Amino acid sequence: MSRTTRLLTLLQVLRGKRCPVTAAALAGELNVSERTLYRDIAELTALGAPIQGEAGIGYVLRSGLFLPPLMFTADEIEAIVLGLRYVDQRADEVLGKAAADALAKVAAVLAPDVRDALRNPTVLPGPPGYGYPQNTVELNVYRQAIRAQAKLHIDYADVNKTPSQRLIWPLALGFFNEARVVVAWCELRGAYRTFRTDRIAAATEQGERYPGRRSDLLRDWFALMKLDETGRFTPDKN
């Protein structure tokens, strides 16, 4: 990553720590040498970041704002907290960490009089549930293909364990209470389909981008879903 990105990432990591963190731990989290870490700490401190370090204990970011306080109402804060905590409970490890980082960013720039709504919300996301079925293919494979508009070849088995091979255009990942799905255009069916990620045995990119804009395709899928609101949603009609 670039030096600027690394410095901002270091600030964000420190924002998310409540106790002092050693240079070795910070360097490991950022995948840099301790020498680079010390240089970055010195540069941030010179720029005015309130980083406090103690020999043998570690570094901690003291209170202090680098941006003007965000002006959210208590209700808006609770909506943000509820959404991010829901993501932390139900998404994969990548999005869970992103939610925690986002929450730390919000907390760092809140006006003092509304921070209590962040610490003590009146709404909660509920229990995390029973967990998701195990995936053979990591969700990052789909995430990267979605962002690149890359066609994916998948080996799939439906609810009856009937195997099939598909060439799909992945559009989005869906997170439900008991399953995760890939929303896609299926070339075999010539239609939009959803595939449970725990029923995909393999997924490989074909080195080919699918045509059109993903945003347009996704909008068409949403329109079809709206037309079928009375029907029971299932990812098994493939």
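With the first letter of the sequence shown counted as 1, position 72 gets the number 72 in UniProt numbering; the numbers rise by one all the way through.
Each residue gets a CB set at the ideal place from its N, CA and C atoms; glycine is no exception.
Note that this is a predicted model, so its numbers are computed, not measured.
Leaving out five residues on either side along the sequence, give the residues of the same chain with a beta carbon under 6 angstroms from the beta carbon of residue i.
i    : result
A179 : R196
I200 : V137, I154, Y156
Q52  : V60, R62
Please look up how many angstroms separate the CB atoms of residue i and residue j, rounded, as I've assumed it's under 8 angstroms.
i    : j   : result
V60  : K17 : 7 angstroms
L37  : L11 : About 13 angstroms; that fails the 8 angstroms criterion.
L139 : D92 : 5 angstroms
W169 : L95 : Not confirmed; about 22 angstroms, so no contact.
If we ignore side chains and look at the alpha-carbon of each, how far apart do residue i and residue j end up?
i    : j    : result
L173 : D158 : 18 angstroms
R213 : R166 : 21 angstroms
I41  : L26  : 10 angstroms
A191 : W185 : 6 angstroms
P50  : T9   : 15 angstroms
P20  : G56  : 10 angstroms
R219 : Q206 : 24 angstroms
T204 : L82  : 35 angstroms
L65  : E34  : Only weak support is given to the placement of L65: the predicted model assigns it a pLDDT of 45, under 50, and the value that follows is read from those uncertain coordinates. Taking the straight line joining both Cα atoms gives about 26 angstroms.
Y132 : G48  : 44 angstroms
P68  : Y86  : Only weak support exists for where P68 lies, its pLDDT of 44 falling under 50; the coordinates are left without a value.
In terms of DSSP beta bridges, what is residue i paired with?
i    : result
T122 : In DSSP, T122 forms no bridge with anything.
G28  : The partner list for G28 (beta bridge, DSSP) is empty, contrary to what the question assumes.
F195 : V182
R136 : The question names Arg, but residue 136 is Thr in the sequence shown. Beta-bridge pairing links T136 to no other residue.
S164 : Y156
Q52  : V60
V109 : In the DSSP output, where bridge partners are listed per residue, V109 has none listed.
Kindly list the residues whose CB is nearer than 7 angstroms to the CB of residue i, restricted to its own chain and excluding five residues on each side of it in sequence; keep chain order.
i   : result
E78 : A117, P121, T122, V123
Figure out for me which residue from the options has the closest Cα to the Cα of residue i.
i    : options               : result
T194 : P125, G56, N31, F176  : F176
V181 : E187, R143, D220      : R143
R3   : P211, R189, A203, L30 : L30
P163 : P127, A202, E93, I146 : A202
V32  : A46, L47, T5, I146    : T5
G22  : D88, R35, R119, G58   : Per the sequence shown, the amino acid found at residue 22 is Thr instead of Gly. Measuring from the Cα of T22, the nearest candidate turns out to be G58.
CB-CB under 8 angstroms to residue i, same chain, minus the five flanking residues each way: which ones, in chain order?
i    : result
R15  : L61, A104, K105, A107, A108
R209 : A148, Q149, A150, K151
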